[in-house]
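Numbering (full-length UniProt numbering), first residue to last: 1 to 221.
Ideal Cβ placement from N, Cα and C applies to all residues, glycine included.
Heads up, the thing below is written out as structure tokens.
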């Protein structure tokens, strides 16, 4: 479901997000991906420290995902893959698959996004430079289905990011496709993201059609 054509209010969209999640969890709706571009908003996850919360001239909203504080706004493509996860629940496998969506999406643009052990998200790593996150990832599961997802920095400004410690990581920073030399927009990145979702999440395993083979981890970094 593509809602990137206009900026969305976070609280309003959250109601739709939860409604779709409930339907997917109940089995009355197929797995669904929401693509969103928000009005400027800070969201704070369960691990946010009080001192990390910014001044509230930009809306600050508590959300039921892991992680700390992050920013959403124009130039950032937010994707919520709402998936009924196979049992037994393997959240780490799902997070790795979502990370792979971003990695696969960026590769054709010459951006070699990577994982960092112990830190969710997709990162751009260059010798002699601070680690930079190009996509934040935060996942919550309830009733066997996923909520939230990833936020890909396509061409946002970084002025609001400068007011926080993104994701609570003081030794890292953020980057974007535009900063990495790409001229893409949120509109032009919709189809590549959808293709990445289909490649990594529209699979027999995530459709519940096969069991994971013992010892297999196709998303190991």
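- When rounded, the separation of the alpha-carbon atoms in residue 133 and residue 175 is 6 Å.
- In chain order, 40, 41, 42 and 160 place their CB closer than 7 Å to the CB of residue 58, counting only its own chain and leaving out the 5 sequence neighbours on each side.
- Residue 143 holds the alpha-carbon nearest to the alpha-carbon of residue 22 among 138, 173 and 143.
- The stretch 109 to 120 makes no contact with the stretch 70 to 85: fewer than 3 CB pairs, one atom from each, lie closer than 8 Å.
- The beta-carbon separation of residue 146 and residue 82, rounded to 6 Å, stays under the 8 Å limit for a contact.
- When secondary structure is reduced to three states using DSSP, residue 200 falls in the helix class.
- Short of 6 Å from the beta carbon of residue 116, and not among the five residues preceding or following it, lie these beta carbons of its own chain, in chain order: 123.
- With contacts defined by Cβ atoms closer than 8 Å, residue 136 and residue 121 form a contacting pair.
- Judged by their CB atoms, residue 208 and residue 126 are not nearer to each other than the 8 Å cut-off.
- Judged by DSSP in its simplified three-state form, residue 113 adopts coil rather than helix or strand.
- The Cβ atoms of residue 100 and residue 31 lie no closer than 8 Å to each other.
- The alpha-carbon separation between residue 153 and residue 13 amounts to approximately 19 Å.
- Counting only the Cα atoms, residue 36 lies some 17 Å from residue 105.
- About 6 Å separates the CB atoms of residue 80 and residue 148; that is less than 8 Å, so the two are in contact.
- One alpha carbon belongs to residue 139, the other to residue 128, and they sit about 31 Å apart.
- The closest CA to that of residue 46, considering only 178, 70 and 25, is found on 70.
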